[in-house]
Amino acid sequence: MLVRVTDSSPSRRDGEGAGEGAGKDAGEDALLASIGIELGGAKHGELKAACARIARKIREDKLGVIGFVPSDDAVAVPPLIIQLGLALCEVSGATVAVVDANLRYPGLPMLNRGKAVDHEGSAFSTRWLRGSLALLSPPRAERAGEVVPQLARVLLEGAELFAHVLVDLTGFELLGEHATAAACMDAVALVGRAHQTRERELVQLAALMPQGRFLGVLLVG
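Residues in the sequence shown are numbered consecutively from 77, following my numbering.
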(Lines of atoms letter the chains of each structure in order from A and count residues from 1; the text may use other names and numbers.)
(Lines give C-alpha, C1' and ligand atoms only; values in the text may rest on other atoms or scores of the structure.)
Protein backbone atom coordinates (compact mmCIF):
# COMPACT_ATOMS: atom_id res chain seq x y z
CA MET A 1 0.00 0.00 0.00
CA LEU A 2 1.37 3.40 -1.03
CA VAL A 3 -0.69 6.42 0.02
CA ARG A 4 0.11 10.10 -0.24
CA VAL A 5 -1.33 12.19 2.59
CA THR A 6 -1.47 15.94 1.92
CA ASP A 7 -0.85 18.33 4.80
CA SER A 8 -3.77 20.55 5.78
CA SER A 9 -3.24 24.27 6.22
CA PRO A 10 -4.61 26.25 9.18
CA SER A 11 -8.14 27.51 8.80
CA ARG A 12 -11.52 27.42 10.47
CA ARG A 13 -13.59 24.28 9.90
CA ASP A 14 -16.81 24.63 7.95
CA GLY A 15 -19.69 25.17 10.34
CA GLU A 16 -17.47 25.43 13.40
CA GLY A 17 -19.10 27.27 16.26
CA ALA A 18 -22.65 26.29 15.40
CA GLY A 19 -24.88 23.74 17.07
CA GLU A 20 -24.77 21.72 20.25
CA GLY A 21 -21.28 20.59 21.22
CA ALA A 22 -19.58 23.28 19.15
CA GLY A 23 -17.92 24.78 22.21
CA LYS A 24 -16.46 21.44 23.22
CA ASP A 25 -15.26 20.79 19.66
CA ALA A 26 -13.68 24.22 19.51
CA GLY A 27 -11.83 23.56 22.76
CA GLU A 28 -10.57 20.21 21.50
CA ASP A 29 -9.54 21.73 18.18
CA ALA A 30 -7.66 24.49 20.03
CA LEU A 31 -5.85 21.80 22.02
CA LEU A 32 -4.69 20.11 18.84
CA ALA A 33 -3.82 23.44 17.22
CA SER A 34 -1.59 24.22 20.21
CA ILE A 35 0.72 21.38 19.13
CA GLY A 36 0.60 22.29 15.45
CA ILE A 37 -2.22 19.99 14.30
CA GLU A 38 -4.97 21.81 12.40
CA LEU A 39 -8.31 20.23 11.48
CA GLY A 40 -9.33 22.84 8.93
CA GLY A 41 -7.93 24.40 5.80
CA ALA A 42 -8.38 24.25 2.07
CA LYS A 43 -6.73 20.83 1.82
CA HIS A 44 -8.43 19.27 4.83
CA GLY A 45 -11.00 17.46 2.68
CA GLU A 46 -8.23 15.74 0.73
CA LEU A 47 -6.39 14.83 3.93
CA LYS A 48 -9.56 13.48 5.53
CA ALA A 49 -10.35 11.36 2.46
CA ALA A 50 -6.84 9.88 2.40
CA CYS A 51 -6.98 9.04 6.12
CA ALA A 52 -10.45 7.52 5.69
CA ARG A 53 -9.09 5.14 3.02
CA ILE A 54 -6.29 4.03 5.33
CA ALA A 55 -8.72 3.68 8.24
CA ARG A 56 -10.99 1.43 6.19
CA LYS A 57 -7.99 -0.73 5.24
CA ILE A 58 -7.06 -1.06 8.92
CA ARG A 59 -10.63 -2.03 9.78
CA GLU A 60 -10.90 -4.53 6.90
CA ASP A 61 -7.65 -6.20 7.93
CA LYS A 62 -8.74 -6.23 11.60
CA LEU A 63 -5.50 -4.61 12.74
CA GLY A 64 -5.38 -3.60 16.38
CA VAL A 65 -1.90 -2.16 16.96
CA ILE A 66 -0.12 -0.36 14.12
CA GLY A 67 3.35 1.12 14.38
CA PHE A 68 4.57 4.02 12.23
CA VAL A 69 8.28 4.33 11.45
CA PRO A 70 9.63 7.61 9.99
CA SER A 71 12.05 7.39 7.09
CA ASP A 72 14.25 10.09 8.66
CA ASP A 73 14.40 12.58 11.52
CA ALA A 74 12.61 15.28 9.51
CA VAL A 75 9.38 13.26 9.27
CA ALA A 76 6.76 14.17 11.89
CA VAL A 77 4.68 11.07 12.62
CA PRO A 78 2.25 12.35 15.34
CA PRO A 79 0.30 14.83 13.16
CA LEU A 80 -0.37 12.02 10.68
CA ILE A 81 -1.44 9.37 13.19
CA ILE A 82 -3.64 11.82 15.09
CA GLN A 83 -5.49 12.62 11.84
CA LEU A 84 -5.65 8.89 11.11
CA GLY A 85 -6.91 8.24 14.63
CA LEU A 86 -9.73 10.73 14.11
CA ALA A 87 -10.63 8.93 10.87
CA LEU A 88 -10.69 5.58 12.67
CA CYS A 89 -12.96 7.02 15.35
CA GLU A 90 -15.31 8.26 12.65
CA VAL A 91 -15.50 5.06 10.59
CA SER A 92 -15.65 2.70 13.57
CA GLY A 93 -17.27 4.66 16.41
CA ALA A 94 -14.74 2.95 18.69
CA THR A 95 -12.10 4.28 21.08
CA VAL A 96 -8.69 4.79 19.48
CA ALA A 97 -5.33 5.58 21.07
CA VAL A 98 -2.29 7.39 19.75
CA VAL A 99 0.86 6.36 21.63
CA ASP A 100 3.75 8.80 21.95
CA ALA A 101 6.11 6.01 22.96
CA ASN A 102 9.40 7.88 22.95
CA LEU A 103 8.51 11.55 23.58
CA ARG A 104 10.21 12.73 20.39
CA TYR A 105 7.63 15.15 18.95
CA PRO A 106 7.74 18.72 20.35
CA GLY A 107 4.47 19.70 21.97
CA LEU A 108 2.96 16.31 22.77
CA PRO A 109 4.79 15.89 26.11
CA MET A 110 3.35 19.27 27.16
CA LEU A 111 -0.19 17.89 26.99
CA ASN A 112 0.47 15.37 29.74
CA ARG A 113 3.03 17.37 31.72
CA GLY A 114 2.45 16.94 35.44
CA LYS A 115 -0.29 14.36 34.83
CA ALA A 116 -0.04 11.22 36.93
CA VAL A 117 0.00 7.81 35.32
CA ASP A 118 -3.40 6.18 34.98
CA HIS A 119 -2.96 3.89 37.98
CA GLU A 120 -0.27 2.43 40.16
CA GLY A 121 1.97 0.25 38.04
CA SER A 122 0.82 1.89 34.79
CA ALA A 123 3.53 3.03 32.39
CA PHE A 124 1.53 5.77 30.62
CA SER A 125 -0.94 8.58 31.30
CA THR A 126 -4.03 9.25 29.17
CA ARG A 127 -5.22 12.55 27.69
CA TRP A 128 -8.43 12.55 25.63
CA LEU A 129 -7.78 14.68 22.56
CA ARG A 130 -11.06 14.74 20.66
CA GLY A 131 -14.13 12.56 20.99
CA SER A 132 -13.00 8.98 21.53
CA LEU A 133 -9.38 9.61 20.51
CA ALA A 134 -6.84 9.44 23.34
CA LEU A 135 -3.16 10.28 23.64
CA LEU A 136 -1.09 7.86 25.72
CA SER A 137 2.36 9.02 26.76
CA PRO A 138 4.93 8.09 29.43
CA PRO A 139 5.72 10.60 32.18
CA ARG A 140 9.36 10.72 31.07
CA ALA A 141 11.68 9.38 28.38
CA GLU A 142 13.12 6.03 29.35
CA ARG A 143 16.64 4.75 28.80
CA ALA A 144 17.64 2.21 26.17
CA GLY A 145 16.41 -1.22 27.17
CA GLU A 146 13.40 0.18 29.08
CA VAL A 147 11.30 1.69 26.29
CA VAL A 148 10.11 -1.50 24.58
CA PRO A 149 9.07 -3.27 27.83
CA GLN A 150 7.21 -0.09 28.81
CA LEU A 151 5.51 0.01 25.41
CA ALA A 152 4.57 -3.67 25.68
CA ARG A 153 2.91 -2.98 29.05
CA VAL A 154 0.80 -0.13 27.73
CA LEU A 155 -0.31 -2.18 24.73
CA LEU A 156 -1.39 -4.95 27.08
CA GLU A 157 -3.24 -2.48 29.32
CA GLY A 158 -5.00 -0.85 26.37
CA ALA A 159 -6.04 -4.04 24.61
CA GLU A 160 -9.53 -4.04 26.11
CA LEU A 161 -10.14 -0.28 26.13
CA PHE A 162 -9.00 0.64 22.62
CA ALA A 163 -10.12 -0.95 19.36
CA HIS A 164 -7.08 0.47 17.57
CA VAL A 165 -3.73 1.73 18.84
CA LEU A 166 -1.47 3.84 16.60
CA VAL A 167 2.14 3.96 17.82
CA ASP A 168 4.77 6.53 16.91
CA LEU A 169 8.01 4.54 16.65
CA THR A 170 10.19 7.62 16.13
CA GLY A 171 13.52 7.41 17.94
CA PHE A 172 13.62 3.65 18.41
CA GLU A 173 16.39 3.43 15.81
CA LEU A 174 18.54 5.60 18.07
CA LEU A 175 18.11 3.00 20.79
CA GLY A 176 18.73 0.10 18.41
CA GLU A 177 15.21 -1.18 19.11
CA HIS A 178 13.27 -0.57 15.89
CA ALA A 179 12.93 -4.26 15.07
CA THR A 180 12.05 -5.21 18.66
CA ALA A 181 9.39 -2.50 18.92
CA ALA A 182 7.98 -3.36 15.49
CA ALA A 183 7.60 -6.98 16.61
CA CYS A 184 5.04 -5.78 19.20
CA MET A 185 2.78 -4.48 16.41
CA ASP A 186 0.11 -6.21 14.36
CA ALA A 187 1.36 -4.19 11.38
CA VAL A 188 3.95 -1.54 10.62
CA ALA A 189 3.88 1.32 8.11
CA LEU A 190 6.72 3.55 6.94
CA VAL A 191 6.20 7.31 6.79
CA GLY A 192 8.22 9.28 4.25
CA ARG A 193 8.25 12.73 2.67
CA ALA A 194 6.72 13.14 -0.77
CA HIS A 195 9.30 14.08 -3.44
CA GLN A 196 12.13 13.85 -0.89
CA THR A 197 12.37 10.35 0.57
CA ARG A 198 14.22 8.04 -1.81
CA GLU A 199 12.88 4.63 -2.78
CA ARG A 200 16.19 3.05 -1.76
CA GLU A 201 15.76 4.35 1.80
CA LEU A 202 12.24 2.91 2.03
CA VAL A 203 13.34 -0.48 0.65
CA GLN A 204 16.13 -0.67 3.22
CA LEU A 205 13.75 0.19 6.08
CA ALA A 206 11.06 -2.19 4.81
CA ALA A 207 13.58 -5.05 4.96
CA LEU A 208 13.90 -4.46 8.72
CA MET A 209 10.17 -4.77 9.38
CA PRO A 210 8.63 -8.01 10.71
CA GLN A 211 7.86 -10.41 7.88
CA GLY A 212 4.21 -10.48 6.94
CA ARG A 213 3.35 -7.38 8.97
CA PHE A 214 4.40 -4.60 6.60
CA LEU A 215 1.34 -2.44 5.89
CA GLY A 216 2.93 -0.11 3.33
CA VAL A 217 4.29 3.40 2.86
CA LEU A 218 2.60 6.72 3.66
CA LEU A 219 4.03 9.85 2.04
CA VAL A 220 3.30 13.19 3.69
CA GLY A 221 3.64 16.66 2.23
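Using N, Cα and C, we set each Cβ at its ideal position, and we do this for glycine too.
In whole angstroms, what separates the C-alpha of residue 171 from that of residue 234? Within the sequence shown, the letter at position 95 stands for residue 171. Within the sequence shown, the letter at position 158 stands for residue 234. Going by the C-alpha atoms only, they are around 10 Å apart.
Cα-Cα separation between residue 255 and residue 177, rounded to whole angstroms: Position 179 of the sequence shown, counted from the start, is the residue given in the question as residue 255. Position 101 of the sequence shown, counted from the start, is the residue given in the question as residue 177. Those two C-alpha atoms are separated by around 15 Å.
Within the present structure, is the beta-carbon of residue 147 separated from the nearest heavy atom of the ligand PLP by less than 7 Å? By its list of ligands, the structure shown contains no ligand whatsoever, and the ligand PLP lies outside what it can speak to.
Kindly indicate which residue of 136, 113, 240 and 165 has the alpha-carbon position closest to the one of residue 261. Position 185 of the sequence shown, counting from 1, holds the residue named residue 261. Closest by alpha carbon: 240.
At least 3 beta-carbon pairs within less than 8 Å: the stretch 202-217 vs the stretch 269-287: no
To the nearest angstrom, how far is it from the Cα of residue 129 to the Cα of residue 174? Here residue 129 is taken as the residue at index 53 of the sequence shown, counted from 1. Here residue 174 is taken as the residue at index 98 of the sequence shown, counted from 1. Answer to the nearest angstrom: the Cα atoms are 18 Å apart.
How many angstroms separate the CA atom of residue 108 from the CA atom of residue 153? Here residue 108 refers to the residue found at position 32 of the sequence shown. Here residue 153 refers to the residue found at position 77 of the sequence shown. Using only the alpha carbons, I get a separation of about 14 Å.
On the criterion of 16 or more Cβ atoms from any shown chain inside 10 Å, does residue 279 qualify as buried, or is it exposed? Locating residue 279 in the sequence shown gives position 203, where the first residue counts as 1. When all chains shown are included, residue 279 counts as exposed.
With a threshold of 16 other CB atoms inside 10 Å of the CB of residue 287, please say whether the residue is buried or exposed. The count along the sequence shown starts at 1 and reaches residue 287 at position 211. With fewer than 16 other Cβ atoms within 10 Å, it is exposed.
Looking only at C-alpha atoms, which of 142, 138, 244 and 289 sits nearest to residue 149? Your numbering for residue 149 matches position 73 in the sequence shown. Considering only alpha carbons, the answer is 244.
I'd like the span of the beta strand (DSSP E) that includes residue 143, first residue to last. For the purposes of this step, residue 143 is identified with residue 67 of the sequence shown, where counting begins at 1. Looking at the DSSP string, the run of the beta strand (DSSP E) that includes residue 143 is 141-146.
Alpha carbon to alpha carbon, how far is residue 106 from residue 227? Give it in angstroms, no decimals. Walking along the sequence shown from the start, residue 227 turns up at place 151. Walking along the sequence shown from the start, residue 106 turns up at place 30. Distance between the alpha carbons of residue 227 and residue 106: 28 Å.
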